[in-house]
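Input: a single structure, listed below in C-alpha coordinates.
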Amino acid sequence: MKIIHTLPLFIRESSRKNDLHMASLALSSLQRSREHRTVLFNQGCLTNEELQEWLQTSGLSGVILGNGANIGIAAARQACFEFIWEHFPEAGYISEIHVDMLFPPDWHEPLLRYLECNDEPMVSPGIVTSTGELQPLGEFIVLPKTPGELSETLQRLSRKGIADGFVHPVVHRAEALRHIGGYDTRFLSGKQGYEDDSLLLGMRYYMGTRTAWRPKCCLASWVYHATMAQRMSMPDKYIEFSMNETGLFHQYGAYGLRELAEIHNGSGEFHQLFRKYTPEHKGVTE
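So for the sequence shown, the working numbering puts the first residue at 1; every next one is plus one.
The following block contains the structure:
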(Lines of atoms letter the chains of each structure in order from A and count residues from 1; the text may use other names and numbers.)
(Lines give C-alpha, C1' and ligand atoms only; values in the text may rest on other atoms or scores of the structure.)
Protein backbone atom coordinates (compact mmCIF):
# COMPACT_ATOMS: atom_id res chain seq x y z
CA MET A 1 0.00 0.00 0.00
CA LYS A 2 1.62 3.23 -1.17
CA ILE A 3 -1.03 5.86 -0.45
CA ILE A 4 -4.17 6.42 1.64
CA HIS A 5 -6.62 9.22 0.97
CA THR A 6 -8.33 11.38 3.63
CA LEU A 7 -11.71 13.06 3.26
CA PRO A 8 -13.68 15.11 5.81
CA LEU A 9 -17.18 14.36 4.53
CA PHE A 10 -19.52 17.28 5.18
CA ILE A 11 -23.08 16.90 3.86
CA ARG A 12 -25.27 19.96 4.33
CA GLU A 13 -28.88 19.34 5.33
CA SER A 14 -29.96 22.27 3.14
CA SER A 15 -28.48 20.64 0.02
CA ARG A 16 -28.32 17.01 1.07
CA LYS A 17 -29.26 15.52 -2.31
CA ASN A 18 -26.77 17.64 -4.28
CA ASP A 19 -23.95 17.11 -1.79
CA LEU A 20 -24.44 13.33 -1.80
CA HIS A 21 -24.46 13.30 -5.60
CA MET A 22 -21.24 15.31 -5.62
CA ALA A 23 -19.66 12.95 -3.08
CA SER A 24 -20.75 9.92 -5.10
CA LEU A 25 -19.06 11.29 -8.24
CA ALA A 26 -15.87 12.01 -6.29
CA LEU A 27 -15.59 8.64 -4.57
CA SER A 28 -16.66 6.57 -7.57
CA SER A 29 -14.05 8.31 -9.73
CA LEU A 30 -11.43 7.76 -7.03
CA GLN A 31 -12.17 4.04 -6.99
CA ARG A 32 -11.14 3.75 -10.63
CA SER A 33 -7.57 4.11 -9.35
CA ARG A 34 -5.71 1.03 -8.20
CA GLU A 35 -4.97 2.58 -4.81
CA HIS A 36 -8.20 4.10 -3.54
CA ARG A 37 -8.31 3.24 0.18
CA THR A 38 -9.97 6.22 1.87
CA VAL A 39 -10.43 7.31 5.47
CA LEU A 40 -13.55 9.47 5.78
CA PHE A 41 -14.43 11.66 8.73
CA ASN A 42 -18.20 12.03 9.01
CA GLN A 43 -18.99 15.68 9.78
CA GLY A 44 -22.74 15.64 9.16
CA CYS A 45 -25.59 15.55 8.49
CA LEU A 46 -25.76 11.75 8.18
CA THR A 47 -25.40 9.29 11.03
CA ASN A 48 -22.61 6.75 10.64
CA GLU A 49 -25.22 4.09 9.93
CA GLU A 50 -26.79 6.21 7.19
CA LEU A 51 -23.36 6.96 5.74
CA GLN A 52 -22.37 3.28 5.73
CA GLU A 53 -25.66 2.37 4.04
CA TRP A 54 -25.15 5.10 1.43
CA LEU A 55 -21.63 3.86 0.70
CA GLN A 56 -22.80 0.27 0.29
CA THR A 57 -25.78 1.25 -1.87
CA SER A 58 -23.48 3.34 -4.06
CA GLY A 59 -20.94 0.52 -4.35
CA LEU A 60 -18.34 2.58 -2.51
CA SER A 61 -16.06 1.82 0.41
CA GLY A 62 -14.13 3.67 3.09
CA VAL A 63 -13.17 3.68 6.75
CA ILE A 64 -15.59 5.93 8.66
CA LEU A 65 -14.41 8.06 11.59
CA GLY A 66 -16.38 10.67 13.53
CA ASN A 67 -20.04 10.61 14.46
CA GLY A 68 -21.69 13.21 12.25
CA ALA A 69 -20.58 16.26 14.27
CA ASN A 70 -18.85 19.12 12.46
CA ILE A 71 -15.66 19.41 14.51
CA GLY A 72 -13.89 21.48 11.87
CA ILE A 73 -11.51 20.89 8.99
CA ALA A 74 -8.23 20.74 10.91
CA ALA A 75 -9.56 18.45 13.64
CA ALA A 76 -11.18 16.09 11.12
CA ARG A 77 -8.11 15.83 8.91
CA GLN A 78 -5.85 15.38 11.94
CA ALA A 79 -8.05 12.53 13.17
CA CYS A 80 -7.65 10.87 9.76
CA PHE A 81 -3.86 11.35 9.86
CA GLU A 82 -3.56 9.87 13.34
CA PHE A 83 -5.73 6.90 12.39
CA ILE A 84 -3.46 6.18 9.42
CA TRP A 85 -0.27 6.60 11.46
CA GLU A 86 -1.60 4.08 13.98
CA HIS A 87 -3.29 1.52 11.73
CA PHE A 88 -1.42 1.87 8.42
CA PRO A 89 2.15 2.86 9.32
CA GLU A 90 3.38 1.23 6.11
CA ALA A 91 1.63 3.85 3.95
CA GLY A 92 4.32 6.06 2.46
CA TYR A 93 1.98 8.82 1.29
CA ILE A 94 -1.21 10.48 2.52
CA SER A 95 -3.50 12.61 0.39
CA GLU A 96 -6.05 15.27 1.29
CA ILE A 97 -9.06 15.20 -1.02
CA HIS A 98 -12.41 17.00 -1.14
CA VAL A 99 -15.98 16.07 -1.84
CA ASP A 100 -16.22 18.35 -4.92
CA MET A 101 -13.50 16.62 -6.95
CA LEU A 102 -13.34 14.21 -9.86
CA PHE A 103 -10.28 12.00 -10.36
CA PRO A 104 -9.00 10.38 -13.55
CA PRO A 105 -7.69 6.82 -13.12
CA ASP A 106 -4.40 6.59 -11.20
CA TRP A 107 -4.16 10.36 -10.90
CA HIS A 108 -1.80 9.95 -7.97
CA GLU A 109 0.85 7.93 -9.81
CA PRO A 110 2.72 10.88 -11.41
CA LEU A 111 2.74 12.60 -8.02
CA LEU A 112 4.26 9.58 -6.28
CA ARG A 113 6.87 9.23 -9.01
CA TYR A 114 7.78 12.87 -8.54
CA LEU A 115 8.10 12.52 -4.76
CA GLU A 116 10.14 9.34 -5.14
CA CYS A 117 12.67 11.20 -7.30
CA ASN A 118 12.79 14.49 -5.37
CA ASP A 119 13.26 15.71 -1.83
CA GLU A 120 9.90 17.51 -1.71
CA PRO A 121 7.67 16.86 1.33
CA MET A 122 4.43 17.25 -0.63
CA VAL A 123 3.09 17.94 -4.11
CA SER A 124 -0.24 18.77 -5.76
CA PRO A 125 -1.56 18.04 -9.24
CA GLY A 126 -2.85 20.79 -11.45
CA ILE A 127 -6.58 21.36 -11.04
CA VAL A 128 -9.44 22.38 -13.29
CA THR A 129 -12.07 24.48 -11.49
CA SER A 130 -15.79 24.83 -12.15
CA THR A 131 -15.04 27.95 -14.25
CA GLY A 132 -12.62 26.01 -16.45
CA GLU A 133 -9.52 27.62 -14.96
CA LEU A 134 -6.32 25.59 -14.94
CA GLN A 135 -4.59 26.26 -11.65
CA PRO A 136 -1.84 27.21 -11.01
CA LEU A 137 -1.31 28.15 -14.68
CA GLY A 138 -4.11 30.71 -14.95
CA GLU A 139 -5.24 29.33 -18.32
CA PHE A 140 -8.83 28.42 -19.21
CA ILE A 141 -10.60 25.61 -21.06
CA VAL A 142 -14.22 24.89 -21.97
CA LEU A 143 -15.52 22.28 -19.54
CA PRO A 144 -16.98 19.06 -20.98
CA LYS A 145 -20.60 18.28 -20.15
CA THR A 146 -20.31 14.80 -18.62
CA PRO A 147 -18.08 13.28 -15.91
CA GLY A 148 -16.76 10.73 -18.42
CA GLU A 149 -15.73 13.42 -20.90
CA LEU A 150 -14.22 15.46 -18.08
CA SER A 151 -12.11 12.50 -16.98
CA GLU A 152 -10.79 12.11 -20.54
CA THR A 153 -9.99 15.83 -20.67
CA LEU A 154 -8.07 15.64 -17.40
CA GLN A 155 -5.91 12.85 -18.82
CA ARG A 156 -5.22 14.83 -22.01
CA LEU A 157 -4.05 17.84 -19.99
CA SER A 158 -1.03 15.89 -18.70
CA ARG A 159 2.24 17.59 -19.62
CA LYS A 160 5.82 17.77 -18.46
CA GLY A 161 6.86 20.31 -15.89
CA ILE A 162 6.47 21.63 -12.37
CA ALA A 163 4.89 24.94 -11.37
CA ASP A 164 5.00 26.83 -8.10
CA GLY A 165 1.64 26.86 -6.35
CA PHE A 166 -0.59 25.11 -3.86
CA VAL A 167 -3.96 23.54 -4.51
CA HIS A 168 -5.98 20.63 -3.19
CA PRO A 169 -5.80 17.70 -3.60
CA VAL A 170 -2.34 17.39 -2.14
CA VAL A 171 -0.17 14.33 -1.55
CA HIS A 172 2.11 14.38 1.50
CA ARG A 173 5.14 12.29 2.16
CA ALA A 174 3.86 10.51 5.29
CA GLU A 175 7.21 10.78 7.06
CA ALA A 176 7.33 14.57 6.59
CA LEU A 177 3.69 15.03 7.60
CA ARG A 178 4.23 13.06 10.80
CA HIS A 179 7.45 14.94 11.56
CA ILE A 180 5.66 18.30 11.58
CA GLY A 181 2.70 16.77 13.43
CA GLY A 182 -0.03 17.56 10.93
CA TYR A 183 -2.60 20.11 12.12
CA ASP A 184 -2.11 21.29 15.70
CA THR A 185 -5.65 21.83 16.96
CA ARG A 186 -4.40 23.43 20.15
CA PHE A 187 -3.87 26.47 17.95
CA LEU A 188 -6.33 25.80 15.11
CA SER A 189 -9.39 25.69 17.36
CA GLY A 190 -11.74 27.24 14.78
CA LYS A 191 -13.68 25.05 12.39
CA GLN A 192 -12.06 26.57 9.31
CA GLY A 193 -9.46 29.07 8.20
CA TYR A 194 -5.67 29.08 7.77
CA GLU A 195 -5.24 25.34 8.32
CA ASP A 196 -3.48 24.98 4.95
CA ASP A 197 -1.17 27.87 5.80
CA SER A 198 -0.26 26.28 9.11
CA LEU A 199 0.73 23.10 7.30
CA LEU A 200 2.65 24.92 4.57
CA LEU A 201 4.64 26.85 7.14
CA GLY A 202 5.40 23.65 9.01
CA MET A 203 6.76 22.16 5.79
CA ARG A 204 8.86 25.27 5.09
CA TYR A 205 10.49 24.97 8.50
CA TYR A 206 10.89 21.22 7.99
CA MET A 207 12.80 21.90 4.76
CA GLY A 208 14.78 24.76 6.35
CA THR A 209 14.18 28.45 5.73
CA ARG A 210 17.47 28.80 3.86
CA THR A 211 15.98 26.66 1.07
CA ALA A 212 13.14 29.19 0.58
CA TRP A 213 10.86 26.18 0.00
CA ARG A 214 7.52 26.75 -1.70
CA PRO A 215 4.80 24.22 -2.61
CA LYS A 216 4.68 22.84 -6.13
CA CYS A 217 2.25 21.34 -8.62
CA CYS A 218 3.20 18.43 -10.88
CA LEU A 219 1.60 19.12 -14.26
CA ALA A 220 1.69 15.47 -15.31
CA SER A 221 -1.46 14.97 -13.21
CA TRP A 222 -4.74 16.92 -13.35
CA VAL A 223 -7.82 16.67 -11.13
CA TYR A 224 -11.16 18.47 -11.30
CA HIS A 225 -11.85 20.52 -8.17
CA ALA A 226 -14.97 22.66 -8.31
CA THR A 227 -13.62 24.82 -5.41
CA MET A 228 -17.19 25.41 -4.28
CA ALA A 229 -16.12 26.67 -0.83
CA GLN A 230 -18.83 24.42 0.59
CA ARG A 231 -18.21 25.51 4.18
CA MET A 232 -18.50 29.22 3.40
CA SER A 233 -22.25 28.71 3.75
CA MET A 234 -21.78 27.99 7.45
CA PRO A 235 -22.93 30.55 10.05
CA ASP A 236 -20.26 32.27 12.15
CA LYS A 237 -17.59 31.46 9.55
CA TYR A 238 -15.82 34.76 10.17
CA ILE A 239 -15.58 34.01 13.88
CA GLU A 240 -13.99 30.65 13.04
CA PHE A 241 -11.53 32.33 10.67
CA SER A 242 -10.62 34.87 13.34
CA MET A 243 -9.98 32.13 15.89
CA ASN A 244 -7.61 30.35 13.53
CA GLU A 245 -5.88 33.58 12.53
CA THR A 246 -5.07 34.19 16.18
CA GLY A 247 -4.04 30.55 16.57
CA LEU A 248 -1.74 30.75 13.56
CA PHE A 249 -0.02 33.78 15.09
CA HIS A 250 0.37 32.06 18.46
CA GLN A 251 1.77 28.96 16.75
CA TYR A 252 4.29 30.62 14.44
CA GLY A 253 4.55 34.28 15.42
CA ALA A 254 4.83 37.38 13.26
CA TYR A 255 7.90 36.05 11.46
CA GLY A 256 5.89 33.01 10.45
CA LEU A 257 3.32 35.31 8.86
CA ARG A 258 6.13 36.99 6.95
CA GLU A 259 7.34 33.58 5.75
CA LEU A 260 3.80 32.83 4.55
CA ALA A 261 3.84 36.01 2.49
CA GLU A 262 6.89 34.62 0.70
CA ILE A 263 5.33 31.17 0.31
CA HIS A 264 2.32 32.83 -1.35
CA ASN A 265 4.43 34.88 -3.76
CA GLY A 266 4.44 38.15 -1.84
CA SER A 267 0.86 37.87 -0.57
CA GLY A 268 -0.48 41.23 0.55
CA GLU A 269 -2.81 39.47 3.01
CA PHE A 270 0.05 37.99 5.00
CA HIS A 271 2.14 41.16 4.83
CA GLN A 272 -0.88 42.92 6.32
CA LEU A 273 -1.19 40.29 9.06
CA PHE A 274 2.55 40.63 9.78
CA ARG A 275 2.09 44.38 10.31
CA LYS A 276 -1.04 43.78 12.40
CA TYR A 277 0.85 41.62 14.90
CA THR A 278 4.15 43.54 14.88
CA PRO A 279 4.71 46.38 17.39
CA GLU A 280 5.68 49.66 15.74
CA HIS A 281 9.16 51.02 16.41
CA LYS A 282 10.50 54.18 14.86
CA GLY A 283 13.12 53.50 12.22
CA VAL A 284 12.42 49.75 12.04
CA THR A 285 11.04 48.35 8.76
CA GLU A 286 10.04 44.90 7.56
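Positions of the beta carbon are idealized from the N, C-alpha and C atoms, including for glycine. Since this is a predicted model, take the numbers as computed values, not measurements.
Exercise. Exposed or buried, which one is Gln-135 when buried takes at least 16 other CB atoms within 10 Å?
Worked result: buried
Exercise. What's the call for Ile-263, buried or exposed, on a 16-neighbour Cβ count within 10 Å?
Worked result: buried
Exercise. Thinking C-beta only, is Glu-195 closer than 8 Å to Ile-73?
Worked result: yes
Exercise. Residues bridged to Asp-164 by DSSP?
Worked result: Lys-216
Problem set entry | Separation of Thr-278 from Glu-109, as counted between CA atoms | 43 Å
For this session: State the beta-bridge partners of Tyr-224 as determined by DSSP.
Result: Leu-102, Val-128
Exercise. Quick one: what does DSSP say Thr-38 is sitting in, helix, strand or coil?
Worked result: strand
Exercise. In terms of alpha-carbon separation, which member of Glu-86, Phe-83, His-172, Phe-140 lies closest to Pro-125?
Worked result: His-172
Problem set entry | Cβ shell of Arg-204 (< 7 Å), same chain only, five flanking positions each side left out | Trp-213, Glu-259, Ile-263
Exercise. Once you ignore the five residues that flank Phe-103 on each side, which residues in its own chain have a CB closer than 6 Å to its CB?
Worked result: Closer than 6 Å at the Cβ level, and outside the excluded window around Phe-103, lie Ser-29, Leu-30, Val-223.
Exercise. Is the beta carbon of Ser-28 within less than 7 Å of some heavy atom of the ligand ADP?
Worked result: Because no ligand of any kind appears in the structure shown, any question about the ligand ADP cannot be addressed here.
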